[in-house]
Structures are given as structure tokens and as C-alpha cells.
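Have a look at the structure below, then the notes.
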């Protein structure tokens, strides 16, 4: 059976994690927010939505800070 075409949970629930691209330049790391992740109902997996796909560096998932949860469209 096909899934419903209603808005996905990601658009109505705040994310459990924010996705960051971390690029090391010398001894500094530069963090750029690139997406978010939501836990599945059974808590056995995540749905990851990326706005961009980095070609180098690493992707880090971190829980949002309180002020990040309050951002509109976050």
C-alpha cells in the first residue's frame, strides 16, 4: 500500500538531531548546518534529510540546542 501524501513527520515535528558538515582547515573545524534527522517511532533508526551533500569532511549529528529548536523553519 502506498504511503499517504500528507505532510511528512519531518515538517511537523522538530528534529531530534541537526546534521552538520565539518571541514577541517588547518587546526580549525568549520561547521555548516546541512540538514536534520528524526527518530523512527520504534527508536531503531533515523530519517535523515540533507539540504546539501558535502563531498569532503564529515557529517556530524548533534541534538539541537534550545534556541535552535525555536527557530522558524528549523
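Residue numbers (the UniProt record's numbering): 1 to 74. Where is the CB? At the ideal position from N, CA and C, for every residue including glycine.
- By a beta-carbon distance limit of 8 angstroms, residue 40 does not contact residue 48. Their separation comes to about 11 angstroms.
- Nearest Cα to residue 22 within the set 55, 30 and 52: 30.
- With fewer than 16 other Cβ atoms inside 10 Å of its own Cβ, residue 14 counts as exposed.
- Collapsing the DSSP output to three states places residue 12 in a helix.
- Looking only at 64, 61 and 33, the smallest Cα-Cα distance to residue 52 is reached by 33.
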